[in-house]
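Read through the structure below, which is laid out as structure tokens, and then see the notes.
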Amino acid sequence: MSFVITKGNMNTITSSTDPEIARRVKNFLEDFLATVPSFAVSQQIDALEAELAKLKSEKAKLDNEIAKNNKSIEKSNKQIAKINKNIEKSQKKIEKVDEKVEKKVVEIKEVEAKIQEAKSSMRR
2 MSFVITKGNM NTITSSTDPE IARRVKNFLE DFLATVPSFA VSQQIDALEA ELAKLKSEKA
62 KLDNEIAKNN KSIEKSNKQI AKINKNIEKS QKKIEKVDEK VEKKVVEIKE VEAKIQEAKS
122 SMRR
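This is the structure in structure tokens:
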């Protein structure tokens, strides 16, 4: 293999004029060629790891948000259950009051009937 290296103003070095420098340059280029692919892969790995860390962080934030939402839903469900119990209690109270009112209406009608009967018997 032979190549030409220029340094400065047209000072050229070839493998025949300075074999030591040519050998060093060749070794450097071979090393460079050997490390470039692994460096590129290393850079890709670093970029992917950074992206993975970002995604994990976002997932953790979303998990926390989901947990907060679930707690809020549980709290709301408990409040709804409590309200439903209060509604049931109120409905039972209303039913009891309605029963009492119906009894009083019957009693009032009975008393009115007695009054009417008494008035009728007085007129006779």
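Here this note's numbering is used: the first residue of the sequence shown is 2, the next is one more, and so on.
Glycine included, each C-beta is placed from N, C-alpha and C at the ideal position.
By a C-beta neighbour count over all protein chains shown, 10 Å radius and 16 as the cutoff for buried, is residue i buried or exposed?
i	result
Ala48	exposed
Ala35	exposed
Ala114	exposed
Gln82	For the record, residue 82 in the displayed sequence is Ala; it is not Gln. Ala82 comes out exposed.
Give me, in chain order, the residues of the same chain whose beta-carbon lies closer than 6 angstroms to that of residue i; leave out the 5 immediate sequence neighbours on both sides.
i	result
Lys72	none
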